[in-house]
Each structure stands twice: as C-alpha cells, then as structure tokens.
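Data block below; observations after.
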Amino acid sequence: MIASSRKYVIGLVVLLAAGALIGWIYGETFYGFLIAALLALIWQVRQLLMFNRALHTGNFDTFRFGEGIWQQIYSRFSYERDRGSRYKKLNRQVIKEIRRSTNAMPDGAVILDEENEIVFCNRAAKTHAGIKRKKDRGQRVDNILRDPALTRLLQANDATRTADIVSPVSDERWLNCRVVPYGINQKLLLLRDVTERIVLNRMRRDFVANASHELRSPLTVVSGYLDAMAEDDTLSQSWGQPVRQMQEQAQRMTRIVAELLELSRLEGSGSASIDEIIDVGALLASACEALREQGDGPQLDLAIESTAHLRGNIAEIESVVVNLVSNAVRHTPADGRVSVSWQSGPDGAQLVVTDTGEGIAAEYLPRLTERFFRVDSGRAREDGGVGLGLAIVKHVLGRHEARLEISSELGVGSEFRCVFPPERIVVDPPIPMAGGS
Amino acid sequence: MEASDLTGHISRRFNKDIEDLRSEVLTMGGVVEAQLARAIAAIVSGDSELGLKVAEDDYKVNDLEVSIDEECSRILATRAPAAGDLRLIVAIIKTITDLERIGDEAEKIGFLASKLAGMDRPSDSYRELKTLGTHVSHMLRDAMNAFARLDVDEAFEVVREDEDVDQEYNSIQRQCITFMMEDPRSIKRVMNVTWTARSLERIGDHAKNIAEYVIYMVRGRDVRHTGISDASELNS
Numbered sequence: 000m001i002a003s004s005r006k007y008v009i010g011l012v013v014l015l016a017a018g019a020l021i022g023w024i025y026g027e028t029f030y031g032f033l034i035a036a037l038l039a040l041i042w043q044v045r046q047l048l049m050f051n052r053a054l055h056t057g058n059f060d061t062f063r064f065g066e067g068i069w070q071q072i073y074s075r076f077s078y079e080r081d082r083g084s085r086y087k088k089l090n091r092q093v094i095k096e097i098r099r100s101t102n103a104m105p106d107g108a109v110i111l112d113e114e115n116e117i118v119f120c121n122r123a124a125k126t127h128a129g130i131k132r133k134k135d136r137g138q139r140v141d142n143i144l145r146d147p148a149l150t151r152l153l154q155a156n157d158a159t160r161t162a163d164i165v166s167p168v169s170d171e172r173w174l175n176c177r178v179v180p181y182g183i184n185q186k187l188l189l190l191r192d193v194t195e196r197i198v199l200n201r202m203r204r205d206f207v208a209n210a211s212h213e214l215r216s217p218l219t220v221v222s223g224y225l226d227a228m229a230e231d232d233t234l235s236q237s238w239g240q241p242v243r244q245m246q247e248q249a250q251r252m253t254r255i256v257a258e259l260l261e262l263s264r265l266e267g268s269g270s271a272s273i274d275e276i277i278d279v280g281a282l283l284a285s286a287c288e289a290l291r292e293q294g295d296g297p298q299l300d301l302a303i304e305s306t307a308h309l310r311g312n313i314a315e316i317e318s319v320v321v322n323l324v325s326n327a328v329r330h331t332p333a334d335g336r337v338s339v340s341w342q343s344g345p346d347g348a349q350l351v352v353t354d355t356g357e358g359i360a361a362e363y364l365p366r367l368t369e370r371f372f373r374v375d376s377g378r379a380r381e382d383g384g385v386g387l388g389l390a391i392v393k394h395v396l397g398r399h400e401a402r403l404e405i406s407s408e409l410g411v412g413s414e415f416r417c418v419f420p421p422e423r424i425v426v427d428p429p430i431p432m433a434g435g436s
Numbered sequence: 000m001e002a003s004d005l006t007g008h009i010s011r012r013f014n015k016d017i018e019d020l021r022s023e024v025l026t027m028g029g030v031v032e033a034q035l036a037r038a039i040a041a042i043v044s045g046d047s048e049l050g051l052k053v054a055e056d057d058y059k060v061n062d063l064e065v066s067i068d069e070e071c072s073r074i075l076a077t078r079a080p081a082a083g084d085l086r087l088i089v090a091i092i093k094t095i096t097d098l099e100r101i102g103d104e105a106e107k108i109g110f111l112a113s114k115l116a117g118m119d120r121p122s123d124s125y126r127e128l129k130t131l132g133t134h135v136s137h138m139l140r141d142a143m144n145a146f147a148r149l150d151v152d153e154a155f156e157v158v159r160e161d162e163d164v165d166q167e168y169n170s171i172q173r174q175c176i177t178f179m180m181e182d183p184r185s186i187k188r189v190m191n192v193t194w195t196a197r198s199l200e201r202i203g204d205h206a207k208n209i210a211e212y213v214i215y216m217v218r219g220r221d222v223r224h225t226g227i228s229d230a231s232e233l234n235s
C-alpha cells in the first residue's frame, strides 16, 4: 500500500475512533461513531463534487485540496495531464514537420492503396498533375491521370519502369512517373517534372536531323563534280589519286548523313507502324548471299532453325540483319568464321550472330550502341564503318519491342543476340513461302 | 450526388462493379484523349506515319466501347440499379457512344494528316488547326475530369466553351473560303483543312454532350437543348 493511502486509512480510523470515544464519554458510543462517519462522508462527497466540477470546467484555482489523499490525486492527475499535452504537442510538431517536408519536395508524391485509390498527396502533386488533395481522396488515380502509359505502368507495378506523360495541367510540361511499392499493399506514385530533359532531347534530335538534312545538298554537289573529275581524261595524271580519295571520303560522308537521318527518323516515332509478315529465314539467306559474293571474308554459316515469321517493318529489320552480319564479317579475320542463326521458342524468337573475331572488352560493352562510339578509334575508321550501325540496330529493335544482348570475350569472339517477344512472332505464316529452312 | 455516394452500397461487390465500370470509362477517355493528341500532333508536324498509326489504333477505342457496353447491360440485368446508380449507368452508356465518335473523328483526322503531309505546307504549319485542336482537347479533358470528380461546375464550363469552339470553327471556315477564292489550285489542300476543322468542331460537340451527361448524372436534370442561360439557372 502506498504511503498516501496508508495515511488516509489511518486518519479515517483515528477519526472514527475519536467519535466513538467522545460518544462513550457521553454514554452513546454508537451515535458518536455514526456522527464521525457522517462527517467524514460529507467532507469526501464535497471534495468529490468539487473535483468533478473542476475537471469539467478546467478551472482548478477554486479547488481546495487540503492535505492528504485529494492533494495526492490532484498532483498525480496534473502531472499526467501536463505530460500528455507535452507529447501531443511534440507529435503535432513532428506531423507538421513531415507535412512541411513532403510539401517542400519538388516531386509529386501520391500514396495509393491496393485499388489505386488516392490516400494522400503532397503539394507538388497538385501543381504537377492537378490532383486536388481533399476532393480527390478515395478517387482512383488513373481516373484523373488517364494517360494509357500510366495505366499500363500501374498494372505492371514494377518499380524499375517509368513512363513519361504530358501533364494534365499544361500541355507543355512532361511528367516522369514511377510506381514504388510502399507500406502494406500500398503504392507510392512519384511524379517528376522532366520537361527540360524532354525539350533538350527534342532539340538535340531536331538539330541532328536538320544539320544532316542541310549537309546533304552540298555533299551531292561535291560528289557530282568529283565524279565528273574522275572521268575527265584531260586532267593531269597527278590528280588521279587525290580525286579518288576525295570521292571515297565524300561517299563516306554521304553514308554518315544518310544514317544520321535514318536514326533521327527512328527516334522520332514510337513503335514500328508498318506491320508486315517478314520471312526472316529468307531475309537472312539473301543478306548472307550478298556478303559472300563480296568474297575474301571469313566463312559464313547460316542456320535457320525455325520457320517462324516476324511481324514488323521489313526495311528496318533488313537494316538490323545487314548491320549485324557485316559488322561481324568486318571484325573477323579471313580464317575465322561467322555464324548466323534464327531460332524460336514459346517465349519469343532469337536472331543470333556469332563470330570468332577479336572480341570486345567488357568495359566497352555498355557503350557499344552509342553513336560514333569506337572501341579502337585509331584503327576503325579505315574499315569503312560509320559508327552508327549498332545505334540503328538498337533503335529498330526498340521499335519492335525487342532487345539486343551482347556478350563477348577478348580474343575469342562476340555474340549479338536479338530477342523478339512472342507477340511479334507469327508461327504459322498466312502465306507459306518457300526457302524458309 | 457526391463521388462517395457511389460507394455507399451494402453490397461490396456492387460497389466494386460500379467503381470498376467508372474506371473503365475513364480509361477509355484516356485512350481517346491520347488518340486526339496524337492526331493533332500529326497534323501540326506533318507526320504521315503518325497519322496512319492513329487511324490504325482506333480499334482500341471500339473494343473498349463494346466491352463497357456489355458490362453496363450486365449490371442493368443483374443488379437492377435505381436512382443515382441508374442515372450513372444511363450516362455511361451515352458517354461511351460519344467517346467512340470522338475516336472516329480522331481516326479521320489521322487520315487527313497523312494526306496533308504529302501536300504543300503553309508557313504557319496550320496554327489555326493547332489552336482549335488544343481548345477541343482541353474541353475533352475537362469533361472527363468533370466525369471523374462529378464536378457540375466544371461540366457547365465545358458546355460554355463549346460556343467559343463553334466561333473558332466559323472563322477557320471563312479563312479557308478566302484561300480557295484567291488560289483555286489550293482547293484540294484547303478542303482537307476544312474537313479537319469540321472533325475538331464535332469533337467539341461530343465533349459538350459528355459534360451534359455529367450534369444529368449528378443533378438528375436534363440540360440538353435548353440553351446555356437556362442551364446555368439550374446550377444556381
């Protein structure tokens, strides 16, 4: 028993005993005891009522506690109350800080539940995407941001994927969306303003396209005159070699310009719009035939293991084949071998080009599809390559939802593998053509 | 009617059905909005490939219309909805028809864009078509937002906007007539511009219809063919 309670009990017993003693002196022990008990009760009830009133009005100034248990109860009570309000204040401050920091974030953040309904969003979500904090709570986010790209992203629920959409607030602004798993069955939708990046990219693309376009006509004039000079017999013999070299370089420039234009065209539009059924086997056979006719290269093996056809743009797929095979031939010594194969399975089809050439060091592999990137910048210009082939391959494959996998070992050889998704494969072509296998 | 009213049913399955249906309609709206945006981009940038792609993708809109229509019939048959729910279903059945028409108009614009890309381009790259196109795509966006948020004020705004679009369309038409009179050789090209403007104007009308269905759905009042001033009185 705590001290205050013990004191209280002792006090009560003493009071009752004193009442009984006084009663005994006057010969009425029982009444003395009763009066003392009544007095104790009245005092307690009064204190209780006063405490109750003070609790309700919150005004404890008029409350006199006296000594003993009531003072103990009050001091304990006010101590707990102060501590509670202190914690409350602290919590409120923490919440305020968190809210302030989410509002200060430059990226929009929207918390979604499992049905993609909006639970919470910060201020940037409003300025970026026009999501209204109060009104749109409980609304599915794809009801407001209706871009099909975002709908697909929400369905995929893959934290590594992102989608660029036009902001619903302004047509000029672009948002990069990312969906991150969050909490229990919740998702965090992050919206980043990437207008600058998109505009810069577009400017770069337009610049390359315009510059290449502008270079084309002067080049035509130069090569025209060079052709005429090469056939001009009256020109002195000493000019023969320089004119031939100028012709070669002019041709090279024409090819660079043509490929740059092709690249900017590929970049410009999303996915391949022309859907043709392509007989890849026949395409590979004719490409290999054309290369064999040039003679003195490495041995070229062709293995068509599938009759599957591909849905896509035939001119673009042809440029992929030609680029990959001629690259392999160029980088393989005459005693080596290049093998080309076409395989298909339930999870798509693969076009594989393998060579026994010099191989590529691992650190260069990620940069291989960059424009004008050269592993050996001193040597490569001589072999007739332009440096855009693999960039074109990558873009064409991207337009066909396919991907390029490159593996290589120095001194052993390289393997270029184009993996096409099953949606692009036609196993039973409508018009079976001869020469598939 | 508030958005939360739609989810106040005792049957949780019904709640989910209604919410899914609404989301489907808005997804369809999103696809149509994207189609329209690409069609306008094809006109402005003279990209014939993009124009053909838009025309080719119209099947997505049609597929969505059919599937939503089926879902509406299923809910009508199995749930026999009343009051607000019934208005919602009726409004949805009408909305998707208009959305599908907008899809068709976008398809048409895509075709016209691929035709126009092969012809001479005026120095302003069809700025007046771009302005009109931006205007109607904003109308469509606002109408779909009004549908999502059951926002009557925004719906009335869309109904009002339609008058501006009509005026813009008239001025484009006058301009086209002037061009044709000045230079009869341009008639073939300018005719295509007129058709494009006509399609855009029709899209504005369809967006207005959708906004009117939103008003009907929320207020239960039919504001079609009443004129904008009478309609606004209803709002007050």
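Residue numbers (numbering that gives the first Met the number 0), protein chains in the order written: chain C, 0 to 436; chain H, 0 to 235.
C-beta: ideal position from N, C-alpha, C; glycine also.
* Asked: Along chain H, which residues have their Cβ under 8 Å away from the Cβ of D141/C?
  -> As a position in the first sequence, residue 141/C is number 142, starting the count at 1. Those are S22, L25, T26 and G29, listed as they occur along chain H.
* Using DSSP with H/G/I as helix, E/B as strand and the rest coil, what is M252/C? -> For the purposes of this step, residue 252/C is identified with residue 253 of the first sequence, where counting begins at 1. Three-state result, M252/C: helix.
* **Euclidean distance between Cα positions of K52/H and R243/C** => For the purposes of this step, residue 52/H is taken as the residue at position 53 of the second sequence. For the purposes of this step, residue 243/C is taken as the residue at position 244 of the first sequence. Computed Cα separation, rounded: 45 Å.
* By DSSP, does D354/C sit in helix, in strand, or in coil? -> For the purposes of this step, residue 354/C is taken as the residue at position 355 of the first sequence. Reduced to three states, the DSSP call for D354/C is strand.
* Close-in-space but distant-in-sequence residues of the same chain around S436/C (CB under 7 Å, 5 per side omitted) -> Here residue 436/C refers to the residue found at position 437 of the first sequence. Because the pLDDT at S436/C is just 39, under 50, the model does not fix this residue reliably, and the point stays unresolved.
* To do: Would you mind listing the alpha helix (DSSP H) stretches within the stretch 182-260 of chain C that are 4+ residues and don't spill past its ends, in chain order?
  => 194-230
* Closer than 8 Å, Cβ to Cβ, to anything on chain H: give me those residues from the stretch 176-193 of chain C, in chain order. => none
* To do: Give the residues from the stretch 132-149 of chain H that approach chain C closer than 9 Å (Cβ to any Cβ), ordered along the chain.
  => T133, S136, H137, R140, M143, N144, F146, A147 and R148
* Asked: Are the beta-carbon atoms belonging to T26/H and T150/C less than 7 Å from one another?
  -> The sequence position of residue 26/H within the second sequence is 27, counting from 1. The sequence position of residue 150/C within the first sequence is 151, counting from 1. Contact flag set, yes.
* Assuming R492/C contacts Q298/C under a Cβ cut-off of 8 Å, what Cβ separation, rounded to an integer in Å, is found between them? -> Nothing about residue 492/C can be read from this structure; chain C reaches only from 0 to 436.
* Asked: By the criterion of Cβ-Cβ separation under 7 Å, what are the contact partners of D354/C in chain B?
  -> This model lacks chain B altogether; the protein chains it does include are C and H.
* Is it buried or exposed for A361/C, if we count other Cβ within 10 angstroms and need 16 for buried? -> Reading the first sequence from its first residue, position 362 is the one you call residue 361/C. So A361/C ends up on the exposed side.
* **Range of the contiguous alpha helix (DSSP H) that encloses F50/C** => In the first sequence, counting from the first residue as 1, residue 50/C sits at position 51. That run of the alpha helix (DSSP H) goes T28 to T56.
* Asked: Counting contacts by CB-CB distance shorter than 7 Å, is R145/C in contact with chain H?
  -> Against the first sequence, residue 145/C aligns to sequence position 146. It does: the Cβ of R145/C has a partner Cβ on chain H nearer than 7 Å.
* Buried or exposed (CB count within 10 angstroms, at least 16 for buried), G133/C -> Mapped onto the first sequence, residue 133/C falls at position 134. Checking the sequence shown, residue 133/C turns out to be Lys, not Gly. Exposed, by the Cβ-count rule.
* To do: Below 6 Å CB to CB, which residues in the same chain sit around E160/H once its five sequence neighbours on both sides are set aside?
  => The sequence position of residue 160/H within the second sequence is 161, counting from 1. Cβ within range, chain order: M138.
* **Contacts around N115/C, its chain only, beta-carbon distance under 8 Å, and the 5 residues preceding and following it disregarded** => Translated into the one-based positions of the first sequence, residue 115/C becomes position 116. The residues are R139, V140, D141, L153 and K186.
* **Selection from P183/H, E153/H and I39/H that minimises the alpha carbon distance to S124/H** => As a working note, residue 124/H is residue 125 in the second sequence. S124/H has its Cα closest to that of I39/H, out of P183/H, E153/H and I39/H.
* To do: Please go through the same chain and pick out, in chain order, the residues whose beta-carbon is closer than 6 Å to the beta-carbon of A54/H, but skip the five residues on each side of it.
  => Residue 54/H sits at position 55 when you count from the first residue of the second sequence. Correct list, in chain order: E106, G109 and F110.
* To do: Using a cut-off of 7 Å between C-beta atoms, extract the partners of A33/H located in chain C.
  => Start at 1 with the first residue of the second sequence, and residue 33/H comes out as number 34. Chain C residues near A33/H: D146 and P147.
* **I74/H, buried or exposed, once every other Cβ within 10 Å from all chains shown has been counted against 16** => Residue 74/H sits at position 75 when you count from the first residue of the second sequence. Per the 10 Å Cβ criterion, buried.
* Identify whether R5/C lies in helix, strand or coil by the three-state DSSP scheme. => Position 6 of the first sequence, counted from the first residue, corresponds to residue 5/C. Looking at R5/C - three-state DSSP - the assignment turns out to be helix.
* **Within chain H, partners of Q154/C - CB distance below 8 Å** => By 1-based counting over the first sequence, the position of residue 154/C is 155. What Q154/C touches in chain H: nothing, since even the nearest Cβ is about 10 Å away.
* Return no unless some Cβ of chain H is closer than 7 Å to the Cβ of T253/C. => Translated into positions along the first sequence, residue 253/C becomes position 254. For T253/C, the answer is no, since every Cβ of chain H falls outside 7 Å of its Cβ.
* Answer yes if the stretch 143-160 of chain H comes into contact with the stretch 41-51 of chain H, meaning at least three C-beta pairs across the two stretches below 8 Å, and no otherwise. => no
* For the candidate residues D141/H, S198/H, V158/H and P183/H, whose alpha-carbon lies nearest to that of N169/H? -> Counting from 1 along the second sequence, the entry for residue 169/H is found at position 170. Out of D141/H, S198/H, V158/H and P183/H, S198/H has the C-alpha closest to the C-alpha of N169/H.
* **Under 8 Å by beta carbon: chain H residues contacting T150/C** => Mapped onto the first sequence, residue 150/C falls at position 151. In chain order: T26 and G29.
* Asked: Got a sec? Which residues, its chain only, sit under 6 Å from L389/C by beta carbon, not counting five neighbours each side?
  -> Mapped onto the first sequence, residue 389/C falls at position 390. Contacts found: L367 and T368.
* Neighbourhood of I405/C by C-beta distance below 8 Å, restricted to the same chain and skipping five residues each side -> Counting from one through the first sequence, the residue named residue 405/C turns up at place 406. Closer than 8 Å at the Cβ level, and outside the excluded window around I405/C, lie I359, L364, L367, S413, E414, F415 and R416.
* Please look up how many angstroms separate the CB atoms of L63/H and M216/H, rounded, as I've assumed it's under 8 Å. => Within the second sequence, residue 63/H is the residue found at index 64, counting from 1. Within the second sequence, residue 216/H is the residue found at index 217, counting from 1. Wrong, their Cβ atoms sit about 19 Å apart, outside the cutoff.
* Asked: Taking the runs of the alpha helix (DSSP H) that are 4 residues or longer, which of them lie wholly in the stretch 65-123 of chain H?
  -> 82-116
* Can you check DSSP and say which residues form a bridge with G311/C? => Translated into the one-based positions of the first sequence, residue 311/C becomes position 312. BP columns for G311/C point to E275/C.
* Asked: So, do the stretch 257-264 of chain C and the stretch 286-297 of chain C have three or more beta carbon pairs nearer to each other than 8 Å?
  -> no
* Run down chain H in chain order and give the residues with a C-beta less than 9 Å from the C-beta of D170/C. => The residue labelled residue 170/C in the question sits at position 171 within the first sequence. Neighbours of D170/C on chain H, chain order: A36, T133, S136 and H137.
* Close-in-space but distant-in-sequence residues of the same chain around L283/C (CB under 7 Å, 5 per side omitted) -> Translated into the one-based positions of the first sequence, residue 283/C becomes position 284. L301, I303, V320, V339 and W341, listed in sequence order.
* DSSP state of S198/H mapped onto helix, strand, coil -> Numbered from its first residue, the second sequence carries residue 198/H at position 199. In this structure, S198/H counts as helix in the three-state DSSP scheme.
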